[in-house]
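Note sheet for the following structure.
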Amino acid sequence: MQDEFAEYAIIFKAMSDETRLKILAMLTKGVTCACHILEEFHFTQPTLSYHMKQLTDSGLIVANKKGKWVYYSMNKERMKLLHEYISKLIETNIELS
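Residues 161 to 257, numbered by our numbering, are exactly what the sequence shown covers, in order.
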């Protein structure tokens, strides 16, 4: 159970930033090139890389490099697991040990 808490803490940390939540919302429309995300948010490539690393490390998004660009998509399976975890938090008592 402790491993599960650590795993979800990483996810919630990745989601604790307004920009990253907006990026996740953008990815609900499908695979998106990093260039389009840069255009939408008007920040530098290193800033985008920082945000995308947080999201990919959490497993919420998947990155695929094609040529010089990276294309991002939402990891729907991971999002379903997150939904199930939150539902479990609401509906049951969770053992801490």
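Yeah, the Cβ is synthetic: ideal placement off N, Cα and C, and Gly gets one too.
Indicate the three-state DSSP secondary structure (helix, strand or coil) for residue i in the structure shown.
i    : result
T192 : strand
S218 : coil
M175 : coil
K248 : helix
K228 : coil
Can you give the beta carbon distance from residue i to residue j, rounded, assuming they're within the 8 Å contact cut?
i    : j    : result
V230 : A194 : 5 Å
L184 : L220 : 7 Å
Relative to the alpha-carbon of residue i, which residue among the options has its alpha-carbon at the smallest distance?
i    : options             : result
S209 : I197, G219 and Y245 : I197
R180 : E164, T207 and L242 : T207
M239 : A166, F201 and L187 : L187
Just to confirm, are residue i and residue j a CB contact at a threshold of 7 Å?
i    : j    : result
S218 : V191 : no
Touching by the beta-carbon criterion (3+ pairs, under 8 Å), the segment 210 to 219 and the segment 161 to 174: yes
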